[in-house]
Amino acid sequence: MASEVVKNGDDGMSKDERNVYDRQIRLWGYDGQNKLRATKVLLIGMQGLGAEIAKNLILSGVHSITLKDHTEVSILDRCSQFLIPRDSQERNRAKASLSAAQKLNPNVKVIVDTTPIEENVDNFVSSFDVVIATECSPNTYRRLSEHCRKANVKIFIADVYGLFGYFYQDVIFTHSLYGEVFSNNVQIDTVTQTKKMPQLYYLTSALLKFQSDSNRKPNPDTSEEDIEELKSIIHLQINYSSPEQENAEVDVFEEHYGELFCELSPTTSIIGAMVAQTALNTVMNKPIGNYNVFFYDHIEHEGKFHLL
Amino acid sequence: MAATIAGVFQPEVQNLIKESKVLLVGAGGIGCEVLKNLVLIGFSELDVIDMDTIEVSNLNRQFLFSKESVGKAKSHVAKNSVLKFNPNVNITSHLGDIMDTKYDMPFFNKFKLVINALDNKKARSHVNRMCLSCKIPLIESGTMGYNGQVEFIKKGVSMCYECNPRSEPKTYPMCTIRNTPKEAIHCIIWAKFLFNQLFGEIDEEVSMDERNDESEILSARNWAIQNDYNPKKLFKKIFYDDITYLLNMEHLYAGKNIKPVLLDESLLDQEHIRYSHVPDSEMLTLEQNISMFWDCITPIKEKWEKSTNKCLVWDKDDDLMMNFVVSCSNLRSAIFNIPFKTHFDIKSMAGNIIPAIATANAMIAGQIVIHALRILRGKFEKCQNVFLRSMPNHKGGVLVKDKCIQPPNPKCNVCSSDGEIILISDLNNFTLRQLEELVLKKKLNMVAPDVTMIDRVIISSDEDDELNMYDKTLAEVGMKHGSIFIAEDDIQNYKVRIMVHDKEKSGKEENVFEIINNTNDFHTANEHTNLPNPYENIENDEDDCVIEKAASPAGGTACDNNRDTRGEVNHVMVGKEDFVYIEVIEGVAEDIGIDEKTTEKISNEEVDAEEISNEEVDAEEISNEEVDAEEISKEEVDAEEIGNEEVDAEEIGNEEVDAEEISNEEVDAEEISNEEILAIKRKADEAVEDINDAKKSRID
Ligand SMILES: [Zn+2]
Chain B
1 MASEVVKNGD
11 DGMSKDERNV
21 YDRQIRLWGY
31 DGQNKLRATK
41 VLLIGMQGLG
51 AEIAKNLILS
61 GVHSITLKDH
71 TEVSILDRCS
81 QFLIPRDSQE
91 RNRAKASLSA
101 AQKLNPNVKV
111 IVDTTPIEEN
121 VDNFVSSFDV
131 VIATECSPNT
141 YRRLSEHCRK
151 ANVKIFIADV
161 YGLFGYFYQD
171 VIFTHSLYGE
181 VFSNNVQIDT
191 VTQTKKMPQL
201 YYLTSALLKF
211 QSDSNRKPNP
221 DTSEEDIEEL
231 KSIIHLQINY
241 SSPEQENAEV
251 DVFEEHYGEL
261 FCELSPTTSI
271 IGAMVAQTAL
281 NTVMNKPIGN
291 YNVFFYDHIE
301 HEGKFHLL
Chain G
1 MAATIAGVFQ
11 PEVQNLIKES
21 KVLLVGAGGI
31 GCEVLKNLVL
41 IGFSELDVID
51 MDTIEVSNLN
61 RQFLFSKESV
71 GKAKSHVAKN
81 SVLKFNPNVN
91 ITSHLGDIMD
101 TKYDMPFFNK
111 FKLVINALDN
121 KKARSHVNRM
131 CLSCKIPLIE
141 SGTMGYNGQV
151 EFIKKGVSMC
161 YECNPRSEPK
171 TYPMCTIRNT
181 PKEAIHCIIW
191 AKFLFNQLFG
201 EIDEEVSMDE
211 RNDESEILSA
221 RNWAIQNDYN
231 PKKLFKKIFY
241 DDITYLLNME
251 HLYAGKNIKP
261 VLLDESLLDQ
271 EHIRYSHVPD
281 SEMLTLEQNI
291 SMFWDCITPI
301 KEKWEKSTNK
311 CLVWDKDDDL
321 MMNFVVSCSN
331 LRSAIFNIPF
341 KTHFDIKSMA
351 GNIIPAIATA
361 NAMIAGQIVI
371 HALRILRGKF
381 EKCQNVFLRS
391 MPNHKGGVLV
401 KDKCIQPPNP
411 KCNVCSSDGE
421 IILISDLNNF
431 TLRQLEELVL
441 KKKLNMVAPD
451 VTMIDRVIIS
461 SDEDDELNMY
471 DKTLAEVGMK
481 HGSIFIAEDD
491 IQNYKVRIMV
501 HDKEKSGKEE
511 NVFEIINNTN
521 DFHTANEHTN
531 LPNPYENIEN
541 DEDDCVIEKA
551 ASPAGGTACD
561 NNRDTRGEVN
571 HVMVGKEDFV
581 YIEVIEGVAE
591 DIGIDEKTTE
601 KISNEEVDAE
611 EISNEEVDAE
621 EISNEEVDAE
631 EISKEEVDAE
641 EIGNEEVDAE
651 EIGNEEVDAE
661 EISNEEVDAE
671 EISNEEILAI
681 KRKADEAVED
691 INDAKKSRID
């Protein structure tokens with residue numbers, strides 16, 4: 001892996017760097033900081049969540065970060081994308097974010113890549129220590145998860161829906177692949193599913209199913225129809241997996257539905273930081289290895305890891 | 001901005017966001033993140049206030065600032081940075097102190113919500129009182145390293161910031177610092193003392209040595225001046241002659257296993273040894289420390305001569321001043337057979353630097369804004385306090401919350417009218433000036449106190465009232481044992497009843513006053529002790545110290561060495577603590593005390609009733625493991641003590657027994673010094689993995 005090779009025989013930090021990183025070196029030590037300084041990250045998706053993750057990783061002082069996004073800036077980015085200045089002329093999200101991202105820390109190499117990930121999943125990922133993907137299709141997530149497993153590259157897959165957010169991680173390469181946790185079936189297979197799943201798993205699955213079907217996330221313009229659609233997916237899932245309960249849990253997400261649109265800043269802030277810190281811990285040899293999925297429940301305001 | 005886009009929020013919420021004016025107090029680590037979140041979600045009327053300017057060490061997390069903005073006002077730069085991604089927000093930035101009287105009740109009344117992103121207890125208490133009296137909801141927050149917390153405060157609904165006493169910084173008995181240092185922290189504090197003696201504000205009352213015969217006293221400063229600050233002469237005086245003097249006072253070390261050993265005389269004439277190539281994370285040799293000492297004296301002296309009033313203030317970011325403290329504390333350590341510390345560690349301890357990272361601040365800031373949305377909708381019951389853990393608990397929780405809103409403490413002397421404070425002091429010696437400065441302003445965080453005794457004003461905040469009674473003692477204005485007076489602060493709209501207990505000042509005792517916050521505590525304290533002097537047991541309240549606590553080890557003072565050989569309690573005097581206690585506020589943007597309150601609160605996290613019984617069994621087993629883990633970590637930690645801490649935790653019904661909390665416990669543990677916290681925290685984080693594994697396997 002890259003971090004093992006990139007040493008350059010010189011791991012001495014400049015005095016400037018040491019001063020900037022002082023408060024975190026006092027937390028994770030010089031060893032930790034030097035590991036970060038050798039870490040190459042691929043970050044896919046530069047909407048609000050991507051901006052948060054980029055900010056946290058660039059501030060921490062990783063070696064380099066590649067911001068990969070082929071899509072155009074949208075008005076919905078204003079809900080949480082703070083790296084794109086309002087007066088930016090750049091249409092591409094990654095390009096529009098570059099200058100503000102680089103300004104966060106001149107010691108980090110910030111690279112922009114505007115090729116769609118679908119076009120170079122296969123060999124591309126192996127040149128990074130950590131891959132973090134956001135805003136891709138569920139199908140792309142599954143492919144990325146498989147490729148990263150093969151290439152022994154740590155991967156985090158994260159999304160925020162309004163005030164709800166989650167991430168998946170594969171960092172010790174022994175737990176389920178993304179596609180095994182979030183399969184594309186309408187019904188969650190109760191035969192193979194022996195574990196009791198946390199409630200938010202059903203919400204996440206439904207959102208992913210919605211995305212596969214509609215080729216987009218739920219949208220504020222069509223909020224009412226989208227909520228109905230989500231409800232029916234969840235209804236199907238839950239009734240199938242626990243038929244004895246019939247309708248009992250259908251309204252469990254009633255409070256959640258109204259706050260599932262765009263990527264909203266409080267939760268991009270929370271998920272973006274949780275993903276970034278978990279990734280940094282992994283790089284510093286302290287992976288949270290017992291778990292593979294994290295949910296932030298904005299109604300209960302709780303953030304929990306699970307092993308699914 | 002989310003609230004300007006139709007369909008993102010329900011119309012009701014959308015309007016609340018657009019129309020609610022919010023005050024953000026602090027534009028540091030948490031403040032930057034909160035400001036970004038508020039602006040993105042669509043708040044359009046914001047005030048942000050901060051009195052600080054940007055420093056290089058802020059840049060690893062305070063992302064609205066860049067290298068070019070170092071030295072500028074945080075509040076203004078933060079405002080300009082967020083305007084780049086949203087020019088359509090009306091932000092008023094204030095460079096100033098929130099405790100300034102111009103931020104009065106009418107100012108606070110303009111806001112629907114106040115968010116604290118502060119770094120010190122004094123300002124937090126002040127905003128707490130302002131919001132209580134204006135009945136404005138307040139969100140209080142803090143982070144320390146990987147940990148953090150969000151608290152919701154509203155008069156009559158939830159606990160206020162002052163409902164439970166926050167722990168105070170650890171104090172060190174003077175005699176330990178002067179004569180019997182046992183740990184590096186004692187030598188570091190001594191080195192900062194020495195710096196003040198030589199270059200700082202002259203303080204007649206704190207002398208560095210035991211010589212009581214006035215005629216013999218030649219202060220360190222005068223001695224240094226007479227010898228023109230000759231580095232080698234100073235070295236000999238401080239590290240040889242003064243030690244010889246100590247050794248000649250036989251009673252100091254009789255029956256103790258601590259005894260200084262003079263350094264080899266040959267070192268007095270040693271050659272200069274290079275040390276500048278040694279990284280700050282590596283240990284210097286004795287010889288290198290000596291050279292470092294010699295090298296720093298003259299340039300510091302030159303700086304001192306040029307300074308206004310010939311007075312330097314020790315600064316951890318000044319390389320020379322840092323070198324002075326590093327070399328002096330290590331040299332003293334050598335004499336007292338205490339292991340050396342690295343420059344890096346000494347800077348942490350001497351500057352009381354609290355580690356801080358962007359991610360913890362961002363998570364706390366996210367939760368703050370989620371709370372803000374709930375509060376504006378009046379859903380207070382949803383605003384339980386939330387804690388950010390450094391590692392998942394056994395249920396995978398990282399952001400965990402209290403089970404329910406913590407109700408106000410009916411005995412709180414801030415948010416309840418039933419609160420009462422007991423002031424213990426020598427009425428014949430305690431002056432009204434001391435009452436105002438030390439008790440009311442410093443200890444009770446008042447801004448402009450008025451004091452009334454049975455309708456007679458004895459202290460007035462109104463300058464036109466020329467009472468001129470400041471030099472009078474409490475006895476002289478008519479106070480007796482048991483007298484009650486009222487202290488009031490009109491700015492904070494805060495009023496408290498204070499009962500006086502007379503306690504004659506005995507000989508060498510240096511405590512000027514003590515405070516008991518709650519009548520009940522005082523009575524219980526007395527019931528539990530059969531000591532002839534009921535006040536002796538109060539020591540743990542630590543009222544000889546009035547510095548704000550950030551994250552120092554805190555807990556009680558009870559150093560087992562707090563009596564010198566003559567059996568006299570010899571604590572450091574009130575008002576001198578700036579020299580003794582580590583400055584905890586400096587350079588820290590977002591701190592919390594991981595204090596008793598936090599620990600206690602975590603025990604209130606939602607507990608799955610089913611799991612408790614299993615958990616208790618687990619906890620017991622795990623506690624053994626943890627003790628092992630700590631032993632392996634080779635820290636000077638008394639394993640037995642940790643065991644006891646944990647038993648306590650279990651009794652409280654604390655399900656969250658894991659390494660992270662142990663480290664909290666340790667922070668509180670009296671005997672564990674400041675210096676070990678960082679190391680322990682790091683070790684604890686490592687240990688938690690194993691423990692989690694162990695737990696997991698049992699639970700499964
Ligand atoms: Zn209170």
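Sequence lines, in order, name chains B and G.
If you're matching positions, the first sequence starts at 1 in the numbering used here and goes up one per residue.
If you're matching positions, the second sequence starts at 1 in the numbering used here and goes up one per residue.
From the three backbone atoms N, C-alpha and C, an ideal C-beta is built for every residue, glycine too.
Supposed contact pair residue j and residue i - C-beta distance, whole angstroms, cut 8 Å
i: G:K74; j: G:G28; result: 7 Å
i: G:E514; j: G:I424; result: 4 Å
i: G:K495; j: G:I486; result: 6 Å
i: B:G50; j: B:T134; result: 5 Å
i: G:N770; j: G:K341; result: Residue numbering for chain G in the displayed model covers 1 to 700; residue 770 of chain G lies beyond these limits and cannot be assessed.
8 Å Cβ cutoff, residue i in contact with chain B
i: G:E504; result: no
i: G:E33; result: yes
i: G:K72; result: no
i: G:K18; result: no
i: G:M292; result: no
i: G:T519; result: For G:T519, the pLDDT reaches just 44, beneath the cut-off of 50, and the residue's location in the model is therefore unreliable, leaving the point undetermined.
i: G:R274; result: no
i: G:L46; result: no
Spatial distance of residue i from residue j (CA atoms)
i: B:A101; j: B:L83; result: 6 Å
i: B:V161; j: G:N337; result: Here residue 161 of chain B turns out to be Tyr, not Val, going by the sequence shown. The straight-line gap from Cα to Cα measures roughly 60 Å.
i: B:I75; j: B:N219; result: 12 Å
i: G:K382; j: G:G478; result: 50 Å
i: B:K55; j: G:F63; result: 8 Å
i: B:G165; j: B:Y296; result: 5 Å
i: G:K695; j: G:K259; result: Low local confidence applies: a pLDDT of 41 at G:K695 is under 50, so the model's placement there is unreliable, and no value is given.
i: G:R178; j: G:W190; result: 7 Å
i: G:Q14; j: G:V48; result: 22 Å
i: G:F199; j: B:Y168; result: 57 Å
i: G:R221; j: G:F195; result: 10 Å
i: G:G145; j: B:K35; result: 19 Å
i: G:C415; j: G:N164; result: 11 Å
Proximal chain B residues relative to residue i, where beta-carbon distance stays under 7 Å
i: G:T359; result: N56, A273, A276 and Q277
i: G:F725; result: Examination of residue 725 of chain G is not possible in this model, given that chain G is present from 1 through 700 alone.
i: G:G7; result: P220, D221, S223 and F261
Residues near residue i by beta carbon distance below 8 Å, same chain, minus five either side
i: G:A448; result: T101, S461, D489, D490 and I491
i: G:P339; result: A184 and S333
i: B:T140; result: I117, E118, V121 and A133
Interface flag, residue i vs chain G, CB-CB below 8 Å
i: B:Y257; result: no
i: B:V73; result: no
i: B:E228; result: no
i: B:G99; result: It is Ser, not Gly, that sits at residue 99 of chain B in the sequence shown. No, its Cβ sits nowhere closer than 8 Å to a Cβ of chain G.
i: B:G303; result: yes
i: B:Y21; result: yes
i: B:K154; result: no
i: B:Y202; result: no
Within chain G, partners of residue i - CB distance below 9 Å
i: B:Q211; result: What B:Q211 touches in chain G: nothing, since even the nearest Cβ is about 18 Å away.
Contact set between residue i and chain G, taken where Cβ atoms lie within less than 8 Å
i: B:E52; result: A362
Cross-chain neighbours of residue i in chain G, by beta carbon under 7 Å
i: B:Y30; result: S281
i: B:I288; result: P392
Own chain residues within Cβ distance below 7 Å of residue i, not counting five before or after
i: G:W223; result: K237
Same chain, Cβ closer than 6 Å to residue i, neighbours up to 5 away in sequence not counted
i: B:A276; result: I53, N56 and L57
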